[in-house]
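If you read the sequence shown in our numbering, its first letter stands for residue -19, the second for the next number, and so on.
For every residue, glycine included, the Cβ atom is placed at its ideal position computed from N, Cα and C.
Note that the structure is predicted; figures quoted are calculated from it, not measured.
Here the structure comes first, spelled out in structure tokens, and everything after it is commentary.
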Amino acid sequence: MSDIEQGSNKVSSTGHVWDDEVDVIIVGFGGAGACAAIEAADNGSSVLVVERFSGGGATKASGGIVYAGGGTSHQKDAGFDDTPENMFNYLKMEVQDAVKDETLRTFCEQSPESITWLESHGVRFNSAVCPYKTCYPPEEYYLYYSGNESFPPYNTKATPAPRGHRPEGKGMPGNVLFGKLKESVLKRGVQIKLRSKAKRLITDEDGNVVGLEFSSIPKYSVAFSLHRFLSYINYIMRYISISFPTLNRVITSLFNIFELRGRTKRVRARKGVILAAGGFVFNRKMIKEIAPAYIHGPPLGTLGDDGSGIKIGEEVGGTTAYMSRVSAWRFITPPESFVKGILVDQQGKRVCNEQLYGAQMGEAMVEKHDGKAWLIIDSEIWKLVRRDTGWGKARWFQTMTAIGNLYFNRKKANSIEKLARKCRISIDGLQATINEYNQAAQNGSTDVMSKAAGHVQPLTTPPFYAIDCSLGNKTFPCATITLGGLVVDEESSEVKRTDGSIINGLYAIGRTAAGIPSRGYMSGLAIAHCVFSGRQAGKHVAAKGK
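Have a look at this one:
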């Protein structure tokens, strides 16, 4: 249409360009988009959601953990006296300067109510506490320590409290959490356009965002049906594809072919457009350019995490932050007995405290040790791990990982020198590290990495084992997610320009925006931020014109 300038995002001052108009358009129907849609609708706005796939995003594909504290009802039922101030004291160490202190305090103060709000939409949580360290609790537990709360230096500044809230539901209940939010969205009469890919934002002559151009596959076409079927296949294979990047490329190519059948639509947004399109971890070109140290870490999320939401925000003047921040999840538990070993680099030096949450362990490994790490254990620890590994003792994928590390993804030798040679680790460096570790274990002195005494066990009994924990190891994948995004006003989620001014009519939420999880990550913080930022943006945009 001639009334939109070619090669531009601007609407001409004359002519009619709109196929439809609503109050609010939301790009992306994941956890953040659903929360924004609910709040915008509840505050009197008509809402259109534009979604490239079937909906759900990374929230649906995840384990559904919500990081919440400050005194949730489930924390209280479990006997934990957490407060917003205590939660803030812990999160400040993790979040650092990603957001202002006032924003982080607001997040902590609203945290109990966020759980109540989710429950009001049908999501169910539980107060059964997991009694041991794990990267994800088994079926019978719902509340757990999903970060670094329980050991130094974190427990010296904040009283430890479990804040990982797992929804009730079988398997990985991210689909349950999103399913309940989806039901609430549909009950409110929100329009949802599936198989619809955002192409660009439309602005007026003053730079205000006034609408969205997208390509939508006709609902009853063959292309629509094939696209829907491929979305289903991609969803059920989401964990398998972590180890097979070629599969992701093939599926992406097929999606692109089906999307050629899309028809261009332009919809006016009277109040604003909210970008909730995820991060960019599946855009390997962007990762290679922005965060090259993490290129060998397999992406975790959905194919929609291709940076498209961030890009169209940049096209109208939005600026970004923390784009080089990537979270690499190097989990070595369960079972917890693995923590008794030591994680070393190619020089034989300790990487970190082995109790650390997987994201902090991965960060230390990549940022300070070239992405290389080996977990060293002796036969006594190997026997403990074997004892603690078995069906029914952890999730099936955790059990499979532990078995793989015990029997396949490791080197074995009868001496430390021979083990070091097999792994090409500095012999002198590894021996010195083990001597220091053994001395602390035998003398009862403090471990140099401040690992709890109960997890410090001497490595003295051959044979010795080295488990490859390196970033690029396809046998033991170290999944990655992106943490950066568009810079937003922290009180409204409106997108900012480089000069700090606000782009009127444009919002960014969830992983499309820089925010609370952008500096450091622990399980559940991304979904918690989706709820926090989604609700905030939905309320703010709906209030326009009132």
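Check: Quick one, which of I95, S100, L323 and P132 has its alpha-carbon nearest K431's?
Finding: P132
Next item on the list: Determine which residues share a DSSP beta bridge with F194 and list them.
Entry: A178 and K245
Check: Along the chain, which unbroken stretches of the alpha helix (DSSP H) at least 4 residues long are found entirely within the stretch 319 to 388?
Finding: 338 to 349, 359 to 368 and 376 to 387
Next item on the list: Please look up how many angstroms separate the CB atoms of P147 and R104, rounded, as I've assumed it's under 8 Å.
Entry: 6 Å
Next item on the list: Could you give the DSSP three-state label for G504: helix, strand or coil?
Entry: coil
Margin query: Could you compute how far the alpha carbon of R32 sits from the alpha carbon of K348?
Written below: 38 Å
Next item on the list: Buried or exposed for F377, please, with buried defined as at least 16 other CB atoms from any protein chain shown within 10 angstroms of its CB.
Entry: exposed
Note to self: So, with DSSP's three-state summary, where would you put G11?
What the structure shows: helix
Margin query: Using only the alpha-carbon positions, how far apart do S406 and A20 sit?
Written below: 59 Å
Notebook entry, point to check: Looking at H207 and F158, is the spacing between their C-beta atoms short of 9 Å?
Noted result: no
Checklist line | beta strand (DSSP E) runs wholly inside the stretch 243 to 292, at least 3 long, in chain order | finding: 243 to 255
Checklist line | Segment limits, beta strand (DSSP E) that includes S211 | finding: No beta strand (DSSP E) contains S211, which is instead part of the alpha helix (DSSP H) from V202 to I216.
Note to self: Could you tell me which whole beta strand (DSSP E) segments of length 3 or greater appear in the stretch 114 to 155?
What the structure shows: none
Checklist line | At least 3 beta-carbon pairs within less than 8 Å: the stretch 183 to 191 vs the stretch 52 to 66 | finding: no
Notebook entry, point to check: The beta strand (DSSP E) spanning K533 covers which residue range?
Noted result: The chain is shown from -19 up to 526; residue 533 falls before or after that span and cannot be answered.
Next item on the list: Measure the alpha-carbon distance for Y116 versus S196 and round it to whole angstroms.
Entry: 38 Å
Item checked: Alpha-carbon to alpha-carbon, I290 and R241 -> 24 Å
Note to self: Between I6, A41, T39 and G384, which has its C-alpha nearest S26's C-alpha?
What the structure shows: I6
Margin query: Could you pull the DSSP bridge partners for I5 from this structure?
Written below: L28 and V253
Check: What residues are listed by DSSP as bridge partners for R390?
Finding: I447
Notebook entry, point to check: Based on the DSSP output, what are the partners of Y417 in its beta bridges?
Noted result: None; Y417 has no bridge partner.
Item checked: Proximity below 9 Å, CB of Y47 to CB of I507 -> yes
Margin query: By the DSSP assignment, the beta strand (DSSP E) with A308 in it spans what residues?
Written below: V306 to W309
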